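Below: one structure, written as structure tokens.
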Amino acid sequence: MLSVETNEYLTRVGPGTPMGQLFRSFWLPFLFSKELPEPDCPPVRVRLLGEDLVAFRETNGKVGLIDAHCPHRLAPMFFGRNEECGLRCVYHGWKFDTEGKCVDMPNEPERSNFKHKIQIKAYPTVERGGLIWAYMGAENELPEMPDLEFLLVPENHTYASKFMVEANYMQAMEGDIDSSHVSFLHSTPDNKFTGGGGGIVRSDRLVKFWIENKNPEFFVKEHDHGLLIGARRNAGEDTNFWRITHWFAPGYTIVPAEVGNPILCNIRVPIDDEQSWHIRIMWHPERPLNETELNAFQNVGVMFPELIPGQWKTKANKSNDYLIDREEQKTKNYTGIKAVTVQDMAMFEGMGTIIDRSKEHLGTSDTAIIQVRRILIRMAENLEKGKIPSAARNGKGYKARSASIEIPKNIEFEEGAKEYLTAQKWGL
Amino acid sequence: MLSVETNEYLTRVGPGTPMGQLFRSFWLPFLFSKELPEPDCPPVRVRLLGEDLVAFRETNGKVGLIDAHCPHRLAPMFFGRNEECGLRCVYHGWKFDTEGKCVDMPNEPERSNFKHKIQIKAYPTVERGGLIWAYMGAENELPEMPDLEFLLVPENHTYASKFMVEANYMQAMEGDIDSSHVSFLHSTPDNKFTGGGGGIVRSDRLVKFWIENKNPEFFVKEHDHGLLIGARRNAGEDTNFWRITHWFAPGYTIVPAEVGNPILCNIRVPIDDEQSWHIRIMWHPERPLNETELNAFQNVGVMFPELIPGQWKTKANKSNDYLIDREEQKTKNYTGIKAVTVQDMAMFEGMGTIIDRSKEHLGTSDTAIIQVRRILIRMAENLEKGKIPSAARNGKGYKARSASIEIPKNIEFEEGAKEYLTAQKWGL
Amino acid sequence: MLSVETNEYLTRVGPGTPMGQLFRSFWLPFLFSKELPEPDCPPVRVRLLGEDLVAFRETNGKVGLIDAHCPHRLAPMFFGRNEECGLRCVYHGWKFDTEGKCVDMPNEPERSNFKHKIQIKAYPTVERGGLIWAYMGAENELPEMPDLEFLLVPENHTYASKFMVEANYMQAMEGDIDSSHVSFLHSTPDNKFTGGGGGIVRSDRLVKFWIENKNPEFFVKEHDHGLLIGARRNAGEDTNFWRITHWFAPGYTIVPAEVGNPILCNIRVPIDDEQSWHIRIMWHPERPLNETELNAFQNVGVMFPELIPGQWKTKANKSNDYLIDREEQKTKNYTGIKAVTVQDMAMFEGMGTIIDRSKEHLGTSDTAIIQVRRILIRMAENLEKGKIPSAARNGKGYKARSASIEIPKNIEFEEGAKEYLTAQKWGL
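Chains as they are written, first to last, in the numbering used here: chain X, 49 to 476; chain U, 49 to 476; chain G, 49 to 476.
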């Protein structure tokens with residue numbers, strides 16, 4: 049439970065808001081590189097942290113991210129001409145480079161100095177791991193890119209998609225770090241996992257632990273970059289079964305995976321207060337994804353739901369009640385909804401676009417959620433006092449994996465899972 | 049004419065508003081029983097008096113009406129599992145019975161006492177006359193169900209449908225108690241009634257009275273449960289023709305019917321400030337509806353307009369100008385709009401969702417409307433002072449019919465119509 | 049650049065706003081006569097300066113423009129019966145003539161005097177040049193109709209259409225008086241004009257001037273009725289090329305045309321703060337439009353864009369990104385958008401419905417825009433002090449044309465273009 053004021057603090061991300069400033073102190077992924085497939089290709093509309101922007105790839109391949117409106121008379125840059133290292137407004141021909149400099153102003157007298165006084169808002173970008181990232185902060189010193197493992201492995205180790213979510217980033221992210229819902233939302237009435245299909249092999253023994261034991265105990269360990277979350281279930285006389293999740297500021301959750309299987313990272317990026325991106329990345333730390341895995345991700349529609357063609361919007365969505373099948377719900381699938389991501393979406397979009405956390409009733413299973421809220425709020429408060437989050441200055445801290453393993457009872461979970469929780473193989 | 053403030057008082061029905069409280073002191077019909085056709089069937093979204101709720105029929109057939117959101121983290125109960133005498137949230141498995149008690153909380157430790165502290169908002173319901181009714185008030189003592197005749201007769205005496213109206217309940221209800229508009233809105237240019245068709249026989253003599261005499265005089269008699277409204281027209285040297293309407297708090301109007309024909313009751317229930325339900329019930333007090341009547345109601349589309357399949361929304365509606373046919377309007381039908389209900393809807397939806405009554409110019413024909421507004425406002429004011437409306441504690445007062453009859457001039461109308469205005473045949 | 053307050057002053061046009069009052073002191077065109085094709089035809093919904101109205105043509109052919117709502121209980125007059133010299137509300141039969149007088153009130157007692165106290169809001173109208181005009185002001189003395197040439201020539205000299213624009217009138221009109229954007233927005237990458245096609249002949253020499261010289265110098269001359277705007281480009285040793293635009297209060301722009309070709313007038317009429325009408329009229333001052341011209345206007349879709357059938361909305365519009373063709377944009381057309389009007393629309397609708405002019409950066413090319421804003425604001429301020437704009441009392445001042453001509457360098461532009469800038473041939 050949060051007060052109405054604290055809830056506002058946590059959820060508002062527009063320009064000038066404390067939480068918006070916190071997000072602006074990190075690199076944020078906002079497009080796939082393939083959405084700007086070649087130099088001088090059509091620009092793309094971007095809405096990020098409540099700001100309307102336009103992204104374009106200029107003649108040399110660099111990506112610009114600039115204000116959606118020309119500073120002259122606010123004409124839309126989206127309709128601009130992407131030509132010769134800059135985006136040119138079609139209203140009067142003003143042209144801007146990726147740094148936001150006005151490099152041509154053909155409608156003013158040649159002797160005019162006006163061009164040199166004009167700047168369009170522009171944010172630095174980088175490309176890494178098939179994603180385009182922006183830094184929207186005010187600091188001169190750029191943050192470090194996070195050394196997340198899926199950004200370091202060869203491209204053929206990874207598979208990614210993204211989904212537009214009609215809800216505030218935070219209630220979506222709370223689902224990611226909530227290890228107890230998997231035993232319900234993603235299960236079947238006869239205690240199977242609904243996220244399977246497509247031939248990816250999971251250990252029946254391990255799945256049985258987390259599906260059948262529905263009330264794990266939670267242990268959290270805060271660190272500079274975020275939170276390590278252990279959900280403990282009894283696995284026999286001598287061992288416990290642990291699902292260990294890694295959450296990193298400001299929006300990364302590495303979901304517990306069985307050793308040997310691809311690992312999943314969910315990224316939450318605020319579009320504005322009431323919408324957010326869900327970028328979903330699977331990667332194998334040791335080898336390229338095999339055909340079975342790629343087929344499961346691309347064609348089966350369970351790990352990665354089907355999209356409306358031409359949109360980053362799932363076919364099963366709020367407007368059609370996520371295509372719930374009530375007969376399936378009675379017999380085969382706890383929710384009657386097909387894809388795991390869409391099952392989650394039905395929950396957090398169904399709360400309304402911004403949940404009123406003053407009405408919640410949290411239990412012990414919400415330990416990690418409570419803690420992540422605290423971390424984000426504390427980071428934003430520190431930033432208001434001038435303290436840049438150390439995670440933004442240290443990309444190495446993001447080299448992590450998650451784990452879904454058995455550990456002897458007499459061994460502490462972080463210690464017992466140590467070799468599975470870091471990603472030291474790949475470096476920069 | 050009302051002041052802007054009084055208009056607000058009259059029209060606002062959300063939680064905490066005086067008029068909302070008045071509605072909350074009565075039983076309110078909100079679903080047909082057939083919308084929850086069997087135990088453990090899919091739940092149904094309900095919006096009532098500005099509150100978002102979910103209705104479900106549990107394993108023993110009882111209907112629950114609970115908050116749309118789980119008290120845990122506000123996940124949507126609509127997607128819940130209706131199983132074993134309760135509705136279970138699919139996010140973390142919390143389960144609630146029809147009283148709102150949390151009867152299972154499987155994601156918390158077994159030793160936990162948390163479950164016993166959790167309650168979901170739940171309203172009592174009853175089923176009567178094919179309708180499901182809710183009591184949304186705070187009083188411990190339940191109101192009495194109104195002994196409306198259509199709730200007492202055998203089921204095959206009745207026919208009902210409902211329509212979603214994009215307007216505040218009050219301006220819709222004002223049409224129900226407005227006996228003078230029938231001579232215009234529901235007439236033809238050559239003075240016929242447009243509500244006919246399908247073979248139901250009406251007295252030409254009586255219809256002629258109310259179609260041709262367009263300016264009746266109004267007489268009203270207030271009583272504990274509402275208002276008796278007489279519209280008088282001259283019917284010859286010795287007799288007057290009277291259309292006598294019964295209005296009952298908070299939202300029932302029994303429309304004048306010829307003796308021997310089925311009687312109509314319009315019920316207005318606020319969905320929220322800007323939308324309302326129109327529940328429309330025809331019943332015959334003495335016998336089952338015959339085939340002619342059923343066919344006229346089900347298939348002719350005049351007394352009961354055609355619906356968009358799968359919705360309680362008329363095919364002819366605001367978005368398509370009620371399918372007005374301007375050529376028909378010139379020659380055959382005063383409005384060019386087919387169904388009587390839709391003719392009404394065109395009027396009160398066309399006013400805007402909440403009419404600004406400070407701009408009205410009321411005449412003598414608006415006598416009943418003025419009086420009903422006063423009654424509702426007085427009842428709400430009394431309730432604010434702690435006085436529960438006596439109608440809510442006395443169901444017997446609702447045993448009424450309406451009438452459309454000739455009465456000798458020397459006899460007072462209530463006296464002259466006495467035998468037709470009460471429904472003593474059917475009891476509980 | 050304007051302050052936020054001045055921008056509000058300039059753009060708000062609802063009842064009681066200063067700029068709204070200014071518009072209300074002139075005759076405003078709001079419908080084509082053909083939209084009310086015959087006596088007693090169906091009424092038409094009109095929204096003008098933020099007021100909801102209904103227009104109807106009564107039995108004698110006169111056009112009424114009255115409040116959208118009946119003064120009785122605010123029922124919608126749009127569904128009314130247009131019969132025997134008045135529009136009759138179908139709810140209770142109240143009937144109003146074009147002056148707004150209540151001429152029948154059949155639901156009240158015959159002896160009642162109520163009818164004579166009732167008036168519906170009604171505005172005077174006139175028909176001229178195939179358009180219906182309204183005067184929405186409070187003054188008893190009517191303004192003079194503007195003697196715009198296209199209102200004076202025979203009907204077969206003219207061609208007109210109109211388009212609903214999702215933007216405030218002012219940012220649309222700013223495009224009309226902005227002579228420098230034509231060299232960009234309406235050009236091709238190889239310096240041709242995109243507004244051609246359909247066989248209308250333009251001088252290559254002149255087009256080349258304004259397409260290739262993209263930074264003309266601006267000269268403005270204010271007069272009682274508006275602004276004369278000259279855009280000067282060098283045309284050789286001894287002559288300059290001038291595009292001379294005439295802007296008239298409150299919303300007429302006569303666009304520069306080559307002598308001998310049809311002339312274009314763009315009219316901007318505020319629907320409300322966030323929408324406006326673009327009425328676009330071509331006329332030939334000397335002769336009927338020929339077949340080539342009519343075909344170019346009706347069928348080619350460049351000077352007059354294609355409409356959605358049954359609507360005054362262009363097929364290429366905001367919801368489909370104006371059907372931009374990015375490949376065309378690269379090679380054949382500066383914008384990739386087909387029609388000139390739609391190219392403009394993409395710009396000013398893309399700014400948002402009301403541009404925030406405090407964020408602009410204006411240059412010397414914006415001279416005319418700055419001046420027209422000043423004139424409108426000054427006129428509105430004077431009107432607040434009781435001074436009716438003299439243009440509203442002198443229709444003769446509107447007898448003007450525009451020009452696109454070469455003038456010897458030693459001759460002042462208004463002097464040099466004199467014979468082309470006035471329209472003395474046609475009188476009243």
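C-beta: ideal position from N, C-alpha, C; glycine also.
Source: prediction; values computed, not measured.
- Against Y468 of chain X, chain G offers no close residue; the least beta-carbon distance is about 47 Å (beta-carbon pairs closer than 8 Å).
- Residue range 451 to 456 is occupied by the beta strand (DSSP E) that includes A451 of chain G.
- According to DSSP, P124 of chain U shares a beta bridge with U:H117.
- Note on Q419 of chain U: 16 or more other CB atoms within 10 angstroms of its CB, so buried under the neighbour-count rule.
- Shown in chain order are the members of the segment 105 to 125 of chain X whose Cβ falls below 8 Å from a Cβ of chain G: H117, P119, H120, R121, L122, A123, P124.
- Remark: C-beta atoms of L76 of chain G and M184 of chain G approach each other more closely than 8 Å.
- Counting only the Cα atoms, R121 of chain X lies some 27 Å from I311 of chain G.
- Counting only the Cα atoms, P298 of chain X lies some 7 Å from L424 of chain X.
- When DSSP assignments are scanned along the segment 133 to 219 of chain G, the uninterrupted stretches of beta strand (DSSP E) that are 3 or more residues long and fall wholly within it turn out to be 150 to 152, 173 to 176, 179 to 183, 206 to 213.
- With a beta-carbon spacing of about 28 Å, L337 of chain G and E462 of chain G fall beyond the 8 Å limit used to define contacts.
- At a beta-carbon threshold of 7 Å, the residues of chain X lying near V138 of chain U are F232, L233, Y382, T383, ordered along the chain.
- Rounded to the nearest whole angstrom, the CA to CA distance from R405 of chain U to D321 of chain U is 15 Å.
- Annotated three-state conformation of R280 of chain X is strand, per DSSP.
- Between the segment 232 to 244 of chain U and the segment 385 to 394 of chain U, the count of Cβ pairs shorter than 8 Å is three or higher; the stretches touch.
- Identification of chain U residues near A439 of chain X by a Cβ-Cβ cut-off of 7 Å yields none; the smallest Cβ-Cβ distance measures about 26 Å.
- Taking a contact as a CB-CB distance under 8 Å, the pair A215 of chain X and T401 of chain X counts as one, their CB atoms being some 5 Å apart.
- In this structure, R441 of chain X lies away from A471 of chain X, with their beta-carbon atoms at least 8 Å apart.
- For F80 of chain X, the enclosing beta strand (DSSP E) covers residues 75 to 80.
- By the 16-neighbour rule on beta-carbons within 10 angstroms, D252 of chain G is exposed.
- Short of 6 Å from the beta carbon of E265 of chain U, and not among the five residues preceding or following it, lie these beta carbons of its own chain, in chain order: R280.
- With respect to chain X, the C-beta atom of G134 of chain U has no partner C-beta closer than 8 Å.
- Note: S324 of chain X is bridge-paired with X:V213, X:P318 in the DSSP secondary-structure output.
- A Cβ-Cβ separation of about 5 Å places F352 of chain G in contact with S209 of chain G under the 8 Å criterion.
- Per the coordinates, the alpha-carbon of I248 of chain U lies some 30 Å from the alpha-carbon of V268 of chain U.
- Counting only the Cα atoms, I327 of chain X lies some 11 Å from P318 of chain X.
- Exposed is the label assigned to T340 of chain U, since fewer than 16 other Cβ atoms lie within 10 Å of its Cβ.
- Annotation for E265 of chain G: the continuous beta strand (DSSP E) segment containing it runs 265 to 271.
- For T415 of chain X, same chain residues with a beta-carbon under 7 Å away, outside a window of 5 residues either side, are F266, V268 in chain order.
- By the C-beta density criterion, E106 of chain U is buried, having at least 16 other C-beta atoms within 10 angstroms.
- By the CB criterion at 8 Å, S413 of chain X and H273 of chain U fall outside the cutoff.
- Taking a Cβ-Cβ cut-off of 7 Å, the neighbours of F127 of chain X in chain G comprise I372, T383, A394, G398, given in sequence order.
- Collapsing the DSSP output to three states places G112 of chain U in a strand.
- The beta carbons of D226 of chain X and V303 of chain X sit about 11 Å from each other, so the pair does not count as a contact at 8 Å.
- For the pair S235 of chain G and C118 of chain X, the Cα-to-Cα distance works out to about 19 Å.
- CA-to-CA, the gap between M49 of chain G and M399 of chain G works out to about 15 Å.
- For L179 of chain X, the closest alpha carbon among the candidates X:P237, X:K447, X:K82 is that of X:K82.
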